[in-house]
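*Asks:* Got a structure here, written out as structure tokens. Questions coming.
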Amino acid sequence: MNGKKRIIFHVDMDHFFTAVEERQRPEFKGNPVIVGADPKEGKGRGVVSTCNYEARKFGVESGMPISRAWKLCPEAVYLPVNYELYKKVSREIMGILRKYADKFEQWGIDEAFLDVTSRVNGCEEAEVLAHQIKMEILEKEGLTCSVGIGPNKLVAKIASDFQKPDGLTVVKEEDVEKFLAPLRVRKLLWVGRKTEQKLKRIGINTIGDLANYDPTVLTENFGVMGTQLCLLAHGIDRSEVEERGEVKSISRDITFEEDTDDFEFVLKTLDRLSEEVHKDVSKQNFCFKTVTVKVRYENFETHTHGKTLPFVTDRLQDLQKTVKELVQDYLRLNRKIRLVGVRVSNFVSAEKQKRLI
Ligand code: TTP
Ligand code: MG
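Be aware that the sequence shown starts at 3, since it is given in my numbering, and climbs by one per residue.
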């Protein structure tokens with residue numbers, strides 16, 4: 003770090019699962035919507051995954067037994083969890099966010115940290131950038147999010163939760179302690195229900211109470227965690243935004259309606275799968291280096307064959323040409339094929355790639 007003050011964003015989608023559902027079915031908008039287990043008219047056994055803000059007015063919340071949600075709000079629209087769909091939307095959103103950051107870290111399905119230090123000068127510019135991000139997500143995905151801006155991950159994360167939905171909260175370094183002081187200790191990362199109870203017993207309810215508490219007593223009571231808690235309460239967090247390479251590969255498989263030895267057809271299918279994979283890769287702003295094909299014969303014997311290119315690319319032609327090359331050996335065997343698949347991996351973000359050139 004060159005001494006420049008860090009500027010970190012935390013972006014968190016608003017009522018994510020239900021927002022995606024409402025996007026698919028606009029007629030639900032304005033009504034309470036709950037995604038989770040089947041309520042079975044109050045006899046269901048699972049939990050609420052999430053609910054929209056209309057349902058929250060009735061006291062419904064994530065993690066609550068679905069039977070309790072039914073009691074609180076029987077008139078809500080209840081929907082099952084369509085995880086594949088949310089994951090797909092999540093990947094697209096992460097693709098948008100990734101290009102705005104020097105360093106990017108996905109945190110759960112609908113959240114991410116962005117280190118934007120080199121992209122802006124000061125908090126005003128950071129705020130403009132955050133508006134731009136919110137706008138792009140709204141235009142491209144039709145979804146709102148809340149953004150927190152702070153000098154570190156801890157403060158950014160708490161800030162994104164401060165005004166929800168569709169919020170934007172900026173906390174300057176000099177205002178950190180004032181911002182945190184009135185909030186419940188539970189808001190701090192790593193403070194779970196148990197620690198919260200223990201802190202309560204010694205009279206600590208807010209982050210301010212914790213910041214003012216004698217650090218030696220905290221260490222006596224909580225060990226190493228006591229010291230950590232003390233730092234957090236003062237808004238100190240030096241952890242870096244870490245590139246985790248969350249998405250390791252993107253692939254598509256298809257099982258033929260009937261086992262086939264029509265190799266023209268197999269090649270055409272692989273071309274189509276490559277197009278689909280390529281679409282996903284582009285959406286996420288990735289370049290790739292490794293291409294793998296999968297072939298399953300009629301007796302379920304399955305083979306994969308991969309190749310790492312001598313260059314990084316984001317071009318469909320490169321993908322299709324490599325897939326053709328890789329599959330040749332399997333086609334020569336004249337055996338009936340049941341399934342084929344295409345996978346790309348070894349990603350570099352396209353932004354980074356541009357900077358490297
Ligand atoms: P959150 O970001 O915690 O919640 P949210 O996006 O629904 O609402 P908010 O506007 O307050 O951010 O979680 C993201 C998604 O993760 C959420 O839409 C559903 C899922 N989830 C569960 O399945 N179970 C849970 O207990 C929680 C907290 C979330
Ligand atoms: Mg969320």
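Beta carbons: idealized from backbone N, C-alpha and C, even for Gly.
Excluding the 5 residues flanking Lys-90 on each side, which residues of the same chain have their C-beta closer than 6 Å to its C-beta?
*Replies:* So no residue of the chain qualifies.
*Asks:* What separation, rounded to the nearest whole angstrom, lies between the Cα atoms of Asn-33 and Phe-258?
*Replies:* Their Cα atoms are separated by approximately 42 Å.
*Asks:* Of the residues Ser-241, Met-227, Thr-294, which one's Cα is nearest the Cα of Arg-254?
*Replies:* That would be Thr-294, whose Cα lies nearest to the Cα of Arg-254.
*Asks:* Grab me the residues of Gln-355's own chain with a C-beta within less than 7 Å of its C-beta, minus the 5 sequence neighbours each way, in chain order.
*Replies:* Here the model assigns Gln-355 a pLDDT of 49, short of 50, so the residue's position is not dependable and the matter cannot be decided.
*Asks:* How do the region 138–150 and the region 11–27 stand: do at least 3 beta-carbon pairs fall below 8 Å, yes or no?
*Replies:* With the cut-off at 8 Å, the region 138–150 and the region 11–27 touch.
*Asks:* For Lys-189 and Phe-267, what's the separation of their Cα atoms in angstroms?
*Replies:* Looking at the two C-alpha atoms, the distance is approximately 56 Å.
*Asks:* Would you mind sorting Tyr-85 into buried or exposed? The rule is 16 or more other CB atoms within 10 Å of its CB.
*Replies:* So Tyr-85 counts as exposed.
*Asks:* Does the ligand TTP have even one heavy atom less than 7 Å from the beta-carbon of Asp-168?
*Replies:* No.
*Asks:* For Ile-151, verify whether its CB is less than 7 Å away from any heavy atom of the ligand TTP.
*Replies:* Ile-151: no, Cβ never under 7 Å from the ligand TTP.
*Asks:* Please output, in chain order, the residues near the ligand MG using a CB cut-off of less than 5 Å to any non-hydrogen atom of the ligand.
*Replies:* The set, ordered by position in the chain, is Asp-14, Met-15, Phe-18, Asp-112.
*Asks:* If you scan the region 249–333 from start to end, which runs of the alpha helix (DSSP H) of 4 or more residues do you find wholly inside it?
*Replies:* Correct list: 265–285.
*Asks:* Which value, in whole angstroms, describes the spacing of the CA atoms of Met-3 and Glu-242?
*Replies:* Note on Met-3: pLDDT 46, under 50, position unreliable in the model; no value is reported.
*Asks:* Kindly give me the distance between the Cβ atoms of Val-344 and Leu-231, rounded to whole angstroms, as I take these residues to be in contact under 8 Å.
*Replies:* Wrong, their Cβ atoms sit about 49 Å apart, outside the cutoff.
*Asks:* For the region 90–99 against the region 277–291, do three or more pairs of beta-carbon atoms, one drawn from each stretch, fall closer than 8 Å, so that the two count as touching?
*Replies:* Yes, since at least three Cβ pairs between the region 90–99 and the region 277–291 fall closer than 8 Å, the two stretches touch.
*Asks:* Per DSSP, what kind of secondary structure is Gly-44 in: helix, strand or coil?
*Replies:* Correct three-state label for Gly-44: helix.
*Asks:* My parser needs the beta strand (DSSP E) runs of 3 or more residues fully inside the region 103–132; what are they?
*Replies:* 105–108, 113–117, all fully within the region 103–132.
*Asks:* Among all the DSSP beta bridges, which residues are the ones paired with Leu-81?
*Replies:* Leu-81 pairs with Val-37.
*Asks:* Report the three-state DSSP secondary structure of Pro-67 (helix, strand or coil).
*Replies:* Here Pro-67 sits in strand by DSSP.
*Asks:* Cα separation between Tyr-80 and Lys-142?
*Replies:* Approximately 26 Å between the Cα atoms of the pair.
*Asks:* I'd like the span of the alpha helix (DSSP H) that includes Leu-341, first residue to last.
*Replies:* Premise fails: Leu-341 lies in the beta strand (DSSP E), 339–347, not in any alpha helix (DSSP H).
*Asks:* What are the residues that DSSP puts in a beta bridge with Ser-162?
*Replies:* None, per the DSSP bridge assignment.
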